[in-house]
Amino acid sequence: MPDVAKYGPWAVIAGGSEGLGAEFAKQLAGYGLNLMLIARTPGPLADTADSCRQLGAQVRTVAVDLLDPESVWQIMEEAADLEVGLLIYNAGANTCRQEFFDADLTDVGRVIDLNVTRMLELVHHFGRSMRARRSGGILLVGSTAATYGSMRQSVYTGSKAFSRLFAESLWLELRDYGVDVLELVLGVTRTPAMRRAGLNFEVPGIPVAEPADVARAGLENLANGPVFIAGDNAAAVQRGSGPDRAAIVLGGHRLMQKLIGAARRDVSADPDR
Ligand SMILES: NC(=O)c1ccc[n+]([C@@H]2O[C@H](COP(=O)([O-])OP(=O)(O)OC[C@H]3O[C@@H](n4cnc5c(N)ncnc54)[C@H](OP(=O)(O)O)[C@@H]3O)[C@@H](O)[C@H]2O)c1
């Protein structure tokens with residue numbers, strides 16, 4: 126059970142309406158924390174808020190698109206009277222699935238806005254007061270996609286690599302201030318968003334985790350930063366971090382083709398390689 130006195134009385138979850146985000150919310154409500162939940166779609170946001178209220182939590186919802194730079198001001202305003210002891214930045218996604226040179230730079234920039242810029246802004250805001258109070262926790266949701274480069278995910282993989290190194294650095298900066306920092310690294314997790322994206326959950330050799338188990342593992346390991354790899358993916362991350370990058374990237378590419386299922390150019394068959 127996480128340290129409720131340290132991470133309360135309020136937790137802010139960016140991306141707290143469904144799947145993994147909803148599991149974080151419900152589990153934290155069960156532990157006795159109050160919640161500010163952020164997401165775009167009002168329906169699932171209201172449903173998750175109701176479930177958390179039934180568990181005894183006070184809940185505020187903020188329906189904003191984190192791609193909108195103004196969203197951060199709205200979140201800060203809504204949280205102005207709250208003591209926030211825990212920030213979870215869960216709202217990430219690969220919002221641009223084209224190859225880099227086919228993509229519009231504006232769309233590429235949105236991947237950075239959602240996965241990097243908004244995260245930095247919210248961490249800076251809430252983390253500063255945690256440091257001043259010498260108490261709190263910051264959980265960033267990362268990905269095994271950060272282990273090696275991947276076609277049509279060139280910016281997303283980079284953004285998640287950024288997230289991990291950022292978390293490790295903050296962990297160093299904050300450990301003498303009583304503020305825990307954790308990068309929770311996810312492999313394939315059976316969330317509604319991934320179902321909608323058409324991910325193949327049946328690829329042999331790729332473990333598929335359930336959102337409730339991943340959320341529990343993250344909350345239980347908040348104090349064991351800087352990184353926790355969820356869902357039986359630690360060995361794969363270790364293998365994918367070796368020095369033979371060409372072999373690793375090509376092997377990862379073949380795996381991604383099975384996982385994503387859509388037609389992809391097979392770089393291993395490219396005569397230029
Ligand atoms: N699921 C996987 O297999 C997997 C694997 C590796 C890493 N991850 C990482 O895990 C995290 C959660 O992924 P997920 O989508 O599968 O899980 P999720 O937690 O089930 O859903 C994402 C949450 O973020 C919100 N959100 C998404 N885009 C948003 C935006 N622009 N503004 C505000 N809220 C937004 C969604 O609500 P709305 O859509 O209503 O806004 C939802 O509440 C992400 O950081 C992702 O990169 C997932």
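My numbering applies: residue 126 is where the sequence shown begins, and numbers increase by one. Don't be surprised by glycine CBs; every beta carbon is placed ideally from N, CA and C.
Point to revise | Contact test: M319 Cβ vs ligand 1 heavy atom, cutoff 7 Å | key: The count along the sequence shown starts at 1 and reaches residue 319 at position 194. The answer is yes for M319.
Review point. Pick from G157, A150 and V137: whose alpha carbon is nearest that of L263?
Key: Taking the first residue of the sequence shown as 1, we reach residue 263 at position 138. For the record, residue 263 in the displayed sequence is Ile; it is not Leu. I263 has its Cα closest to that of V137, out of G157, A150 and V137.
Point to revise | Inter-residue spacing [alpha-carbon to alpha-carbon] between L290 and M319 | key: Position 165 of the sequence shown, counted from the start, is the residue given in the question as residue 290. Position 194 of the sequence shown, counted from the start, is the residue given in the question as residue 319. Approximately 25 Å, taken between the alpha carbons.
**Study point:** Three-pair Cβ contact test at 8 Å for the region 179-199 versus the region 233-250
**Key:** yes
Point to revise | V339 - DSSP class collapsed to helix/strand/coil | key: Numbered from 1 along the sequence shown, position 214 holds the residue referred to as residue 339. Helix, per DSSP.
Exercise for review: Determine the DSSP secondary structure at Y281, reduced to helix, strand or coil.
Suggested key: Taking the first residue of the sequence shown as 1, we reach residue 281 at position 156. Three-state DSSP puts Y281 in a helix.
Review point. Which value, in whole angstroms, describes the spacing of the CA atoms of V362 and E143?
Key: In the sequence shown, the residue the question calls residue 362 occupies position 237. In the sequence shown, the residue the question calls residue 143 occupies position 18. Their backbone Cα atoms lie some 26 Å apart in a straight line.
Exercise for review: Could you tell me if the beta carbon of P329 falls within a distance shorter than 7 Å of some heavy atom in ligand 1?
Suggested key: Position 204 of the sequence shown holds residue 329. Flag unset: Cβ of P329 not near ligand 1.
Check your understanding: Over what stretch of residues does the beta strand (DSSP E) that includes G400 continue unbroken?
Key -> Coverage of the chain is limited to positions 126 through 398, which leaves residue 400 absent and any answer about it impossible.
Review point. Leaving out the 5 sequence neighbours to the left and right, which residues in its chain are closer than 6 Å to T186 when beta-carbon positions are compared?
Key: Taking the first residue of the sequence shown as 1, we reach residue 186 at position 61. Excluding positions up to five away in sequence, the list reads L162, L170 and A174.
**Study point:** Bridge partner(s) assigned by DSSP for S353
**Key:** For the purposes of this step, residue 353 is taken as residue 228 along the sequence shown, with counting starting at 1. In the sequence as displayed, the identity of residue 353 is Phe instead of Ser. In the DSSP output, where bridge partners are listed per residue, F353 has L309.
Practice item. Would you check whether ligand 1 has a heavy atom nearer than 7 Å to the C-beta of L380? Key: Taking the first residue of the sequence shown as 1, we reach residue 380 at position 255. Flag unset: Cβ of L380 not near ligand 1.
Check your understanding: Between V328 and the rest of its own chain, which residues show a CB-CB distance below 6 Å, the 5 nearest in sequence each way excluded?
Key -> Reading the sequence shown from its first residue, position 203 is the one you call residue 328. The residues are K383 and L384.
Practice item. Below 7 Å CB to CB, which residues in the same chain sit around E172 once its five sequence neighbours on both sides are set aside? Key: Against the sequence shown, residue 172 aligns to sequence position 47. The amino acid at residue 172 is misidentified as Glu; the sequence shows Asp. Correct list: empty, nothing qualifies.
Practice item. Say yes only if the C-beta of R165 is nearer than 7 Å to one or more non-hydrogen atoms of ligand 1, and no if none qualify. Key: For the purposes of this step, residue 165 is taken as residue 40 along the sequence shown, with counting starting at 1. The answer is yes for R165.
Review point. Cβ of L384 within 7 Å of any heavy atom in ligand 1?
Key: Counting from one through the sequence shown, the residue named residue 384 turns up at place 259. The answer is no for L384.
Exercise for review: Please name the residue, chosen from S279, Q183 and V241, that lies closest to R226 on a Cα-to-Cα basis.
Suggested key: Here residue 226 corresponds to residue number 101 of the sequence shown, with the count starting at 1. According to the sequence displayed, residue 226 carries Phe and not Arg. When each option's Cα is compared against that of F226, the closest is S279.
Check your understanding: Taking Cβ to Cβ, would you say L211 is nearer than 8 Å to P336?
Key -> By one-based count along the sequence shown, residue 211 stands at place 86. By one-based count along the sequence shown, residue 336 stands at place 211. Contact: no.
Check your understanding: Sorry if obvious, but does the Cβ on L297 come closer than 7 Å to a heavy atom of ligand 1?
Key -> For this step, residue 297 is matched to residue 172 along the sequence shown. No, Cβ of L297 sits at least 7 Å from all heavy atoms of ligand 1.
Point to revise | N346: CB within 7 Å of a non-hydrogen atom of ligand 1 | key: Taking the sequence shown and counting its residues from 1, the one referred to as residue 346 is at position 221. Flag unset: Cβ of N346 not near ligand 1.
Review point. Closest by CA to R243, which one among R256, A216 and G267?
Key: For the purposes of this step, residue 243 is identified with residue 118 of the sequence shown, where counting begins at 1. Ranking the options by Cα distance to R243, first place goes to A216.
Review point. Would a C-beta distance cut-off of 8 Å place A348 and D305 closer than the cut-off?
Key: Along the sequence shown, read from residue 1 onward, the residue named residue 348 stands at position 223. Along the sequence shown, read from residue 1 onward, the residue named residue 305 stands at position 180. Against a cut-off of 8 Å, the Cβ pair of D305 and A348 comes out as a contact.
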